[in-house]
Amino acid sequence: IEGCENPKSLTILIRGGTQRIVDEAERSIKDAINVVKDVIVEGKIVAGGGSPEIETALKLRDFAKTLPGKEQLAVEKFAEALEIVPSQLAENAGMDPIETIVTLSAKHKEGNTWYGVNVVEGKLDDMMKLNVLDPLLVKKQTIKSAMEAASMILKIDDIIAASKLEEKGGGKKKEEETGESED
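Position in the sequence shown (first residue = 1) + 36 = the numbering used here.
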């Protein structure tokens with residue numbers, strides 16, 4: 037899109053050989069526009085390839101060591117959950133996920149904080165040098181959504197546990213419900 041002086045809106049005309057090609061092009065353009073919007077809204081980016089997740093997981097594990105009992109376990113599990121991102125990227129790239137997490141953790145401990153999973157070449161690499169970047173807003177929203185989902189699941193467990201208690205307690209007898217005796 038060139039030569040538009042202060043446009044209030046733009047129309048992008050998409051053409052293709054089949055409707056499927058047009059639909060895919062439309063989806064790709066919308067994705068690209070949303071990425072630009074996210075970068076503009078937050079104004080910040082981070083390295084991709086799972087590098088922020090592994091770095092955060094390492095920092096959380098260090099922090100967990102300062103906590104007592106169950107709090108320590110909760111922080112450890114949160115760190116473990118963050119490692120799913122680079123682990124899944126590694127698996128998708130045909131790499132060994134466990135070996136990847138171990139090696140990636142070692143790289144980050146050595147100070148290589150931008151190292152992540154290069155899915156194109158199937159190896160670990162400096163994501164900043166490769167310009168593999170993610171909008172910070174997307175990372176923050178992903179973590180927030182995951183925490184909200186986990187909280188909802190914990191609440192659902194409480195509801196399930198409470199309903200099981202009611203069934204065991206003083207529920208109606210079969211005779212009262214159907215008018216039939218169990219004899």
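Note that the Cβ used here is the ideal one computed from N, Cα and C, for glycine as well. If you're wondering where the values come from, they're calculated on a predicted model, not measured in any experiment.
Rounded C-alpha distance that separates residue i from residue j
i: A68; j: L49; result: 16 Å
i: K73; j: G105; result: 43 Å
i: S141; j: P122; result: 11 Å
i: T92; j: A115; result: 7 Å
i: P133; j: D170; result: 21 Å
i: E41; j: N128; result: 43 Å
i: L109; j: D162; result: 31 Å
i: K143; j: E38; result: 43 Å
i: V71; j: R63; result: 12 Å
i: D98; j: I189; result: 27 Å
Exposure label - residue i; buried when at least 16 CB within 10 Å
i: A186; result: exposed
i: N8; result: Because the chain in this structure spans residues 37 to 219, residue 8 falls outside the shown range and cannot be described.
i: G152; result: buried
Under 8 Å between C-beta atoms of residue i and residue j
i: L125; j: G158; result: no
i: K145; j: L96; result: no
i: A61; j: G53; result: no
i: T139; j: S87; result: no
i: K175; j: V82; result: yes
i: E112; j: A100; result: yes
i: K80; j: L172; result: yes
Residue from the options whose Cα sits closest to the Cα of residue i
i: T47; options: V155, P133, A100 and K66; result: K66
i: E135; options: N148, A110 and E119; result: E119
i: V75; options: Q177, K191 and G147; result: Q177
Which of helix, strand or coil DSSP assigns to residue i
i: N70; result: helix
i: N154; result: strand
i: K44; result: coil
i: L160; result: strand
i: A182; result: helix
i: D98; result: helix
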